[in-house]
Structures are given as structure tokens and as C-alpha cells.
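In order, the protein sequence lines correspond to chains A and B. Just so you know, my numbering puts 61 at position 78 of the first sequence, and the rest follows in order with no gaps. Just so you know, my numbering puts 1041 at position 9 of the second sequence, and the rest follows in order with no gaps. Ideal Cβ placement from N, Cα and C applies to all residues, glycine included. Only a predicted model underlies this, so the values are computations on that prediction, with no experimental measurement involved. I have placed the structure first, in the form of C-alpha cells, so that the comments after it can refer back to it.
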Amino acid sequence: EAQVTQNPRYLITVTGKKLTVTCSQNMNHEYMSWYRQDPGLGLRQIYYSMNVEVTDKGDVPEGYKVSRKEKRNFPLILESPSPNQTSLYFCASSPEGQGLWGYTFGSGTRLTVV
Amino acid sequence: AQSVTQLDSHVSVSEGTPVLLRCNYSSSYSPSLFWYVQHPNKGLQLLLKYTSAATLVKGINGFEAEFKKSETSFHLTKPSAHMSDAAEYFCVVSDGSGGYNKLIFGAGTRLAVHP
């Protein structure tokens, strides 16, 4: 089944403890992106990647890192999480960056930083 | 810069009555427009998309949307609501200004369907 898989689904952590949220797609998509969803704000883009080893900042990149060493994986790294990063995170992929085919989203990771 | 405004944060309808979720956009380019649906504790699912072909777009589950360039609108409709339609709906515009098409999301409309 074609899908985007995120792990974990739920995570509670403490301020300052490094964490990684994994994202993997099995559709050979070139484009991948991370979004955070907060009430009343819709989804905002954190980082995106047009292809392997090509990443760039979205609208809200502060406090996050990403890497794209393989086409299928696009992990999101929080080096020193803070409570304002408590949010619902989505990974998405698309065959290309033009978005003409829509995007496939993962099921989400709900992160709580205390 | 492109933007999306969903005019209602909450919409409540009775089962069997029509649904109208309103979306206005601003765009300097020929936009691609999407509607996504998010059911509770689920990811986002593509309902339908407009990419400069027919202005009336049909999607899944009986939803459709009409692209009106003169009104810069892309409202989502369904003739008869079903209980399973209760969810949050996002209008999305695809922004090609940066050399790739970034998705810009509206704030969402929560649809409640009552028996």
C-alpha cells in the first residue's frame, strides 16, 4: 500500500531532550515536507526537500533540523525541544514539487514537550 | 504572496442538508487549489484538486468545488450531508513563486453534522 509512515504517533518528552520523528514513504516520491498543525493556524511548513541531499527552510524552521540521505526517509530532528514546539506534526510527500498531483500525508505525530 | 482564507471556522448542518464550506484565495500566479479533509486522529486526505482544467471539480464522497477566478473563490459543496462527513476541512493553494509549489493552508473549517 502506498503510504507515508510516521513514528511515533504520540510522544511526550521533557524540555531539552533531543528527539527524532521519523518519516518514510514507499512511493519513490522526490518531494517531502514537514508541517506542524496548531489550532486556528492550519498547517505551516517547517522544512522541505526537493530530492536527496536537497533541503530548505519553510515558514517556521526555528528549532528544527532535517536530513535527506535517502529518497524514502526524511526525519525531523528537535535538538533541544521547548514547550512551544508542542504540536501535531505531519510529514507529506509528492512525486514532484509542483504539487499538481496533490500530496500524501502521514497520520501525524502528536508531540508534547513539558 | 499567496494566501487562503476560509470564511467559517465552524459550520453545523443537519444530516441530509447541503454543505457549503467557503474559501477565498489570493494568488499572483495561476493557482492549483485543493481541499483536504482531516477526520479526528487521522492524517489529511485529498478530497479534490483544481489544476487549470475544468472549473467544476468533482472529488470523493460526493464533494465538489467550483473555481471562480473573478471571485477568487473555491467553495466546497455537497448536496446532502452524511454523519461521516463530520471532520475538519482545509482549503489549500499551491504557490509556485519559489520555483516549486509550496502548499499554503487555510486555518480550517470544522464541519459538524447533526442527526
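Going by Cα to Cα distance, which pick from the options is closest to residue i?
i: B/L1053; options: B/C1123, B/F1137, B/K1134, B/I1136; result: B/C1123
i: A/Q20; options: A/G85, A/V97, A/A75; result: A/A75
i: A/G85; options: B/V1045, B/K1081, B/P1072; result: B/K1081
i: A/E45; options: A/N67, A/V97, A/P22; result: A/N67
i: A/G25; options: B/P1147, B/H1146, B/R1142; result: B/R1142
i: B/S1041; options: B/N1073, B/I1136, B/T1104, B/C1055; result: B/C1055
i: B/T1037; options: B/S1112, B/A1086, B/S1058; result: B/S1058
i: B/F1137; options: A/E(-16), A/N56, A/F73; result: A/F73
i: A/T(-2); options: A/V43, A/E62, A/E53; result: A/E62
i: A/Q98; options: A/I60, A/M33, A/R55, A/V97; result: Residue 98 of chain A is absent from the model: chain A starts at -16 and stops at 97.
i: B/P1147; options: B/K1074, B/S1105, B/T1104, B/S1116; result: B/S1116
i: A/E36; options: A/E53, A/R27, A/C6, A/P22; result: A/E53
Can you list the residues of chain B that residue i reaches, using a CB-CB cut of under 7 Å?
i: A/Y86; result: L1135
Using a cut-off of 7 Å between C-beta atoms, extract the partners of residue i located in chain A.
i: B/F1095; result: What B/F1095 touches in chain A: nothing, since even the nearest Cβ is about 14 Å away.
i: B/A1139; result: G23, L24, G25
i: B/K1081; result: G85
What does residue i reach in chain A if we use C-beta pairs closer than 9 Å?
i: B/F1106; result: Correct list: empty, because the minimum Cβ distance to chain A is about 14 Å.
i: B/F1099; result: Residues of chain A passing the Cβ test: none, with the nearest at roughly 15 Å.
Report back the beta-carbon spacing between residue i and residue j to the nearest angstrom; my notes put them in contact at under 8 Å.
i: B/S1060; j: B/Q1034; result: 7 Å
i: B/K1091; j: B/L1079; result: The identity of residue 1091 of chain B in the sequence shown is Gly, whereas the question assumes Lys. With 8 Å as the limit, B/G1091 and B/L1079 qualify as a contact, their Cβ atoms being about 4 Å apart.
i: A/S16; j: A/Y(-7); result: Not a contact, Cβ separation roughly 21 Å.
Whose Cβ in chain A lies nearer than 8 Å to the Cβ of residue i?
i: B/K1074; result: S90, G91
Using a Cβ-Cβ cutoff of less than 6 Å, which residues in the same chain neighbour residue i once the five nearest sequence positions on both sides are dropped?
i: B/S1084; result: S1062
i: B/E1120; result: Q1070, G1140, R1142
If the cut is a Cβ gap below 8 Å, which residues of chain B does residue i touch?
i: A/F73; result: G1075, L1076
i: A/K28; result: Here the sequence assigns Gln to residue 28 of chain A, which means Lys is not the residue at that position. K1134, L1135, listed in chain order.
Could you name the residues of the same chain whose beta carbon sits closer than 7 Å to that of residue i, not counting the 5 residues immediately before and after it, in chain order?
i: A/H12; result: S76, S77, P78
i: B/L1088; result: E1096, E1098
i: A/N107; result: This structure does not reach residue 107 of chain A, given that chain A is present from -16 up to 97, and the question cannot be answered.
i: B/H1107; result: L1052, L1053, R1054, C1055, A1097, E1098
Looking only at its own chain, which residues have a Cβ that is under 8 Å from the Cβ of residue i, when we skip the five neighbours before and after it?
i: B/L1135; result: F1066, V1124, V1125, S1126, D1127
i: B/T1104; result: N1056, Y1057, S1058, S1059
i: A/T38; result: Y30, Y31, S32, V49, S50, R51
Subject >> Cβ contact check for the segment -12 to -3 of chain A and the segment 90 to 97 of chain A: 3 or more pairs under 8 Å >> reply: yes
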